[in-house]
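Everything on this sheet refers to the single structure shown next.
Residue numbers (the working numbering): 62 to 321.
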């Protein structure tokens, strides 16, 4: 009985550890989702600001050509990221802007010729820094999305594993209440408890591997108990049948007296 109680306590500790890990994973997942939402809002604001800058730019025609070229590029088609404009380099934008500015200078007034081909109220360094920040934000957003997907898969796997272990443990505890007579059951329980004591060691860092071994041992013991229960049922039926055959019927007693 002490062995069964000790096994139940060890199983309960293992289940509690799994639940704690699942709660930690859920908390980390919520935190990453919150960070991802904030980064998306930040990226959207930066993109709106960039679109506003590009709209007010003097080199709007050259930048629109770059946008169309980036949308139709093979790398953009493969990635499918329709919101990414981080592949634009400031050098190409200014090159197109200078070409557009030179074309306008041939037909424009002397005042338009003196205006530089850059976005209004922003210097070259500010535009370059804005593109760099946008690229960094999009990279961080992609990393956060990957972490969220990984945590979702890991949490689903842990939940499924926990449900499976809970079902096995529940069945094992219910079957362990049946008192199996005989030395065979005692030997099985003692061997199982000794193996579990070897597996469950204080300070064991490889908790996942230990849980797998514990699950295998529980499933094996559950299978043995099921076979023993079936054998007991077969033996009970056989005993009942033999008892019926050994007991003489009432009709045969008068004939026996006459023969005597």
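Beta carbons are placed, not taken as given, at the ideal position from N, Cα and C, and that holds for glycine.
| Asked | Found |
| --- | --- |
| Let me know the secondary structure DSSP gives residue 176 once reduced to three states. | The pLDDT assigned to residue 176 is 46, lower than 50, so where the model puts this residue is not dependable, and the model offers no usable value. |
| If residue 205 and residue 97 are in contact, beta carbons under 8 angstroms, what's the gap, nearest whole angstrom? | 4 angstroms |
| Which term fits residue 75, buried or exposed, when burial requires 16 or more other beta carbons within 10 angstroms of its beta carbon? | buried |
| Residue 88: buried (16+ other C-beta within 10 angstroms of its C-beta) or exposed? | exposed |
| Do you know offhand how far residue 287's Cα is from residue 199's? | 57 angstroms |
| Please classify residue 66: does DSSP put it in a helix, a strand, or coil? | helix |
| Could you give the DSSP three-state label for residue 286: helix, strand or coil? | helix |
| In whole angstroms, what separates the C-alpha of residue 270 from that of residue 94? | 29 angstroms |
| Could you tell me whether the Cβ atoms of residue 276 and residue 226 are closer together than 8 angstroms? | yes |
| Can you grab the Cα-Cα spacing for the pair residue 297 / residue 63, in whole Å? | 29 angstroms |
| Considering only the beta carbon of each residue, do residue 223 and residue 79 sit closer than 8 angstroms? | yes |
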